[in-house]
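**Q** Take this structure first; my questions come after.
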Amino acid sequence: MAKIEVPHTAYFDRYCQTLGSGGSLLASVDADGRPNAMTIGWALLGVVWRRPICAVFVRPSRYTYGCIETTGDFTVNVPPPELAEQVLFCGTESGRDRDKFAECDLTPTPGRKVRSPGIEECWITHECVVVQKTDVVPEHFAPEIIDMLYAGGDFHRVYFGQIVASYADVEALKQA
-4 MAKIEVPHTA YFDRYCQTLG SGGSLLASVD ADGRPNAMTI GWALLGVVWR RPICAVFVRP
56 SRYTYGCIET TGDFTVNVPP PELAEQVLFC GTESGRDRDK FAECDLTPTP GRKVRSPGIE
116 ECWITHECVV VQKTDVVPEH FAPEIIDMLY AGGDFHRVYF GQIVASYADV EALKQA
């Protein structure tokens, strides 16, 4: 796929649609530079602190948590529907135990402005540098959210990533 730089707001509808229907892929690297992909279904895209921001939610128990803590960056990649099985795999297996890129036949592409890779097979990539991180405060949740999503604890850390580059396979998106 030939990807060109696009505004971070381009294809916002695809970004939201994918998050709500199977998820996108957050990519990072570990301390040894090994790429890892994790499925995300929760993310925010907007403007905070006068900067384009992509906020992602990662539990401390996840392998990706340590990767982002190490590098201070990540990418969010919007996959086409035909990658549904790979997205499911990346959301159910751990990068501690598996090489998800190899097992899913995904191609890491060098980040243009970050250490973390993009994913060649995905339509859209947002490269993000962490400018703020915060842990959710359990006491501030509505009780039904705790019961539904946090019965076992393991509350998310929210990473606010400044989007420093966005690129897309415009031709593939036109045909979709």
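Residues -4 to 171 in my numbering are what the sequence shown lists, from first letter to last. From the three backbone atoms N, C-alpha and C, an ideal C-beta is built for every residue, glycine too.
#1: When the Cα atoms are used, what is the spatial distance from leucine 21 to alanine 32?
#2: Name the DSSP beta bridge partners of proline 163, please?
#3: Assuming glutamate 98 contacts phenylalanine 84 under a Cβ cut-off of 8 Å, what Cβ separation, rounded to an integer in Å, is found between them?
#4: With arginine 46 as the anchor, note down where its beta strand (DSSP E) starts and where it stops.
#5: Determine, using beta carbons only, whether lysine 108 and alanine 160 come nearer to each other than 8 Å.
#6: Between proline 75 and alanine 167, which are expected to be in contact by the criterion C-beta below 8 Å, what is the C-beta distance as a whole number of angstroms?
#7: Residues in the same chain with beta-carbon distance under 6 Å from isoleucine 158, minus the five sequence neighbours each way, listed in chain order, please.
#8: Return the residue from the list Ser111, Asp92 and Cys117 that minimises the CA-CA distance to aspartate 177.
#9: Out of Pro103, Val125, Leu14 and Ser89, which has the shortest C-alpha to C-alpha gap to arginine 57?
#10: Which first and last residues belong to the beta strand (DSSP E) in which glycine 41 is found?
**A** This is what the structure gives:
#1: One-based indexing of the sequence shown puts residue 21 at position 26. One-based indexing of the sequence shown puts residue 32 at position 37. Roughly 6 Å between the two C-alpha positions.
#2: Position 168 of the sequence shown holds residue 163. Before going on, a small fix: residue 163 reads as alanine here, not proline. In DSSP, alanine 163 forms a bridge with Ile(-1) and Ile119.
#3: Walking along the sequence shown from the start, residue 98 turns up at place 103. Walking along the sequence shown from the start, residue 84 turns up at place 89. At roughly 7 Å, the Cβ-Cβ gap stays under 8 Å, so glutamate 98 and phenylalanine 84 are in contact.
#4: Here residue 46 refers to the residue found at position 51 of the sequence shown. It spans 46 to 53 - the beta strand (DSSP E) in which arginine 46 sits, taken as one unbroken run.
#5: To locate residue 108, count along the sequence shown from 1; it is residue 113. To locate residue 160, count along the sequence shown from 1; it is residue 165. Yes, Cβ-Cβ distance for lysine 108 and alanine 160 is below 8 Å.
#6: Against the sequence shown, residue 75 aligns to sequence position 80. Against the sequence shown, residue 167 aligns to sequence position 172. That pair is a contact at about 7 Å.
#7: Locating residue 158 in the sequence shown gives position 163, where the first residue counts as 1. Hits under 6 Å: His3, Pro47, Cys49, His121 and Cys123.
#8: Since the first residue shown for the chain is -4 and the last is 171, residue 177 is missing from the structure and cannot be characterised.
#9: Here residue 57 refers to the residue found at position 62 of the sequence shown. It is Ser89.
#10: The residue given as residue 41 occupies position 46 in the sequence shown. Residues 38 to 43.
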